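Asker: Numbering (UniProt numbering), first residue to last: 1 to 321.
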């Protein structure tokens, strides 16, 4: 039985908007906590025994090399920094401001170390996709020339300024993206409700005898496909799948079936069907979309009975082109 549902889809869109907005707020809060956090809020770096907090650690830098000891790619470099128990590699972007700050204070670092919050990586236990490829092997070869340093260097762990900044930026971007999605669903909720309400109002204005009795539409319709959820009542084509939409067939010059397919690899995972009705308005074409139920790959064949009825009763309409 067809019932008047003016808020169909409205609540669902609001729920999705609320969920995504909650995620957005969580990302913004986490971003703010990272931005306002201090080195004292994180555990100190202690080579492989380090227990990071959210992947981050603090370190007191007592010295830094004059130049990078390795280039990871075209964007980042590895610097040798001294901490309380030895030496460790510090990854940073080229021309990183923090690195320049450390170099400018190089002579004072021994007596007044600089405190940093950095991302911690363990090449033994960390994901190979996230850690620098063959970091340990490269560093062992590099330090063969510097045995004085190799005894105190942490070969299986390294720290990253760029990683910490990337995580911070990621949380901000995710917060913005989620906020945008939430606003989209919020706007869509009111747009869909307005569109459905307008369709009901237009329908009742054309057929006042069905005002408040829309459930009689299906039994009194000239054509009805219950599976596709398409109705033709007098001069109007109506679809009631996920809402309520109508179009005046007397003003329609062309009508065709549009299918939107979603793929996962080589397989179709979802199909969405829409009837596109084209009207001429002030000498210009105006498209109207009416969603109906897609029943699978044979939907277009099943739709032909609808087109056959329209062709018989509204022969001027161009169909399926």
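Glycine is no exception: its CB is placed at the ideal position from the N, C-alpha and C atoms. Keep in mind the model is a prediction, meaning the values are calculated, not measured.
Check residue 216 in the structure and name its three-state DSSP category.
Answerer: Looking at residue 216 - three-state DSSP - the assignment turns out to be helix.
Asker: Given this structure, state the Cα-to-Cα distance separating residue 262 from residue 320, to the nearest angstrom.
Answerer: Cα to Cα, residue 262 sits roughly 22 Å from residue 320.
Asker: How far does the alpha helix (DSSP H) with residue 202 in it extend, from its first residue to its last?
Answerer: That run of the alpha helix (DSSP H) goes 161-206.
Asker: Quick one: is residue 82 near chain C, going by C-beta distance under 8 Å?
Answerer: As a matter of chain content, chain C is missing from the structure shown, which is built from one protein chain.
Asker: Does the segment 21-36 come close enough to the segment 176-194 that 3 or more CB-CB pairs lie under 8 Å?
Answerer: Flag = yes, the segment 176-194 and the segment 21-36 touch.
Asker: At 4 residues or longer, and completely inside the segment 9-89: list those alpha helix (DSSP H) runs for me, N to C.
Answerer: Qualifying alpha helix (DSSP H) stretches, in chain order: 10-36.
Asker: Exposed or buried, what is residue 300 when buried is set at 16 or more other beta-carbons lying within 10 Å of its beta-carbon?
Answerer: Classification of residue 300: exposed, given that the 10 Å Cβ count is below 16.
Asker: Given residue 87, which residues of its chain have a CB within under 8 Å of its CB, disregarding the five upstream and five downstream residues?
Answerer: So the qualifying residues of the chain are 80, 81, 149, 152, 153 and 154.
Asker: Look at the alpha carbon of residue 92 and the alpha carbon of residue 187, and state the distance between them as a whole number of angstroms.
Answerer: Approximately 41 Å, taken between the alpha carbons.
Asker: With distances taken from CA atoms, which of 295, 64 and 210 is nearest residue 99?
Answerer: Closest by alpha carbon: 64.
Asker: Among 305, 255, 251 and 97, which one has its Cα closest to the Cα of residue 282?
Answerer: Measuring from the Cα of residue 282, the nearest candidate turns out to be 251.
Asker: Any contact between the segment 284-297 and the segment 254-274? By contact I mean 3 or more CB pairs, one from each, below 8 Å.
Answerer: A contact exists between the segment 284-297 and the segment 254-274.
Asker: Could you check which residue in 248, 22, 34 and 203 has the C-alpha nearest to that of residue 171?
Answerer: Minimum Cα distance to residue 171 is reached at 34.
Asker: With DSSP as the reference, label residue 236 as helix, strand or coil.
Answerer: Three-state DSSP puts residue 236 in a strand.
Asker: Looking only at its chain, what residues have a beta carbon closer than 7 Å to the beta carbon of residue 336, apart from the 5 residues adjacent to it on each side?
Answerer: Nothing about residue 336 can be reported from this structure: the residues present for the chain run from 1 to 321 only.
Asker: What separation, rounded to the nearest whole angstrom, lies between the Cα atoms of residue 302 and residue 233?
Answerer: Rounded to whole angstroms, residue 302 to residue 233 spans 19 Å at the Cα level.
Asker: Does residue 342 come out as helix, strand or coil in the three-state DSSP assignment?
Answerer: Past the boundaries of the shown model lies residue 342; the chain is included only from 1 to 321, so the question cannot be answered.
Asker: Let me check one thing: in DSSP terms, what residues is residue 102 bridge-paired to?
Answerer: Answer is none; residue 102 lacks a bridge partner.
Asker: Going by C-alpha to C-alpha distance, which of 318, 218, 294 and 31 sits closest to residue 278?
Answerer: Among 318, 218, 294 and 31, the Cα nearest to that of residue 278 belongs to 318.
Asker: Is the beta carbon of residue 101 sitting closer than 8 Å to the one on residue 160?
Answerer: No.
Asker: Helix, strand or coil, according to DSSP, for residue 306 in the structure here?
Answerer: In this structure, residue 306 counts as helix in the three-state DSSP scheme.
Asker: Going along the chain, which residues of its own chain have a beta-carbon closer than 7 Å to the beta-carbon of residue 196, five neighbours each way excluded?
Answerer: Within the same chain, residue 196 has close Cβ partners 6, 8, 243 and 244.
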